[in-house]
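Right, one structure below, let's go through it.
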Amino acid sequence: MITRIQGLILLLLLAALAACESRGEGGSAVQMTQQLSAPDSTLPIQSRDARIGPMDLIEISVFGAPDLDDTYQIDFEGNLKMPLIGSVQAAGYTAAALAETLEARLQEKYLQNADVTVRITEARKRFVTVEGSVKNPGMYPVDGQLSLLQAVALSGGATDSANPNRVVVFRQIEGKRHAAAFSLVDIRRGDAEDPLIYANDIVVMDGSEARRRYGDFLRSVPLLTLFVLY
2 MITRIQGLIL
12 LLLLAALAAC
22 ESRGEGGSAV
32 QMTQQLSAPD
42 STLPIQSRDA
52 RIGPMDLIEI
62 SVFGAPDLDD
72 TYQIDFEGNL
82 KMPLIGSVQA
92 AGYTAAALAE
102 TLEARLQEKY
112 LQNADVTVRI
122 TEARKRFVTV
132 EGSVKNPGMY
142 PVDGQLSLLQ
152 AVALSGGATD
162 SANPNRVVVF
172 RQIEGKRHAA
182 AFSLVDIRRG
192 DAEDPLIYAN
202 DIVVMDGSEA
212 RRRYGDFLRS
222 VPLLTLFVLY
């Protein structure tokens, strides 16, 4: 199962990179920031306001419309598919926020005073993907706070041909994919902060193995404070 999901994530990432390259030099937007922004679905899950994630099971009750009451599973892309409403982005929302969204959608056409209750009944494990020039690339569960150094350590550390001065983190921010590069050398020396890594992040260690798969893209991502929208 993990292998299949990992393959899907990799295909999505490679498709995004190809789209980025096809836009040319003038097509990419660059977002400046002073720190690594959290993704749309911020973890750890132990937060008081738990966020819905891909493959979670949620229970929905609609007052006055019992036919809509059911347990639904969020799909791999984070969408909820529901009768009358259709497909709605659910990943990254709290149960209360999703309920408000569903109420608004129902009130557009069907129910004047929609009253929706959403409850997360089963939260799936969240994963971070570590790829590139690391000893054991793969997907690793995120059960709490995880830093970049810790994520790399989970994968067995860098290979002999790795470039620890450039580790790229791919992340979903405000509904769009971004990338930022970090230097593990600077982090270990205390010259840079060790950023938090969140579920669904993709961490890629630069090096010969990574370049065979990602080409020159990793070297084009600015270090530390620049996010490249792609």
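Residue numbers (the numbering used here): 2 to 231.
C-beta atoms are modelled at their ideal positions from N, C-alpha and C, and glycine is treated no differently.
Since this is a predicted model, take the numbers as computed values, not measurements.
Contact check, residue i vs residue j, beta carbons under 7 Å
| i | j | result |
| --- | --- | --- |
| S134 | M206 | yes |
| A152 | V131 | yes |
| L150 | D187 | no |
| A182 | R172 | no |
| V170 | V204 | yes |
| I75 | A51 | no |
| T1 | E60 | Residue numbering for the chain in the displayed model covers 2 to 231; residue 1 lies beyond these limits and cannot be assessed. |
| A180 | R127 | no |
| P55 | G79 | yes |
Residues that DSSP places opposite residue i in a beta bridge
| i | result |
| --- | --- |
| E132 | V205 |
| R120 | E60 |
| P55 | None; P55 has no bridge partner. |
| L147 | I198 |
| I174 | K177 |
| A96 | In the DSSP output, where bridge partners are listed per residue, A96 has none listed. |
| D71 | I61 |
| Q90 | N80 |
| G139 | V131 |
| A159 | V135 |
For residue j and residue i, believed in contact at Cβ under 8 Å, the rounded distance
| i | j | result |
| --- | --- | --- |
| D57 | R125 | 6 Å |
| I53 | A115 | Contact doesn't hold; Cβ gap of about 19 Å is too wide. |
| E177 | G158 | For the sequence presented, residue 177 should be read as Lys rather than Glu. The Cβ separation is near 31 Å, so there is no contact. |
| G208 | S156 | Not quite, the Cβ-Cβ distance comes to about 12 Å (not below 8 Å), so this is no contact. |
Nearest neighbour of residue i, chosen from the options [CA to CA]
| i | options | result |
| --- | --- | --- |
| L112 | R120, I86, Y94 and N137 | I86 |
| R190 | P165, A100, P55 and S62 | P165 |
| L197 | Y141, G145 and R178 | G145 |
| A154 | D192, V129 and A98 | V129 |
| E104 | R213, D68, S62 and T72 | S62 |
| T160 | E210, Y141 and D192 | E210 |
| K110 | S148, D192 and P84 | P84 |
| L69 | V117, R213, Q108 and S148 | V117 |
| F64 | L185, Q108 and F77 | Q108 |
| L147 | F77, D202, L81 and G139 | D202 |
Closer than 6 Å: residue i CB and nearest the ligand GTP heavy atom
| i | result |
| --- | --- |
| G133 | This structure does not include the ligand GTP; it has no bound ligands of any sort. |
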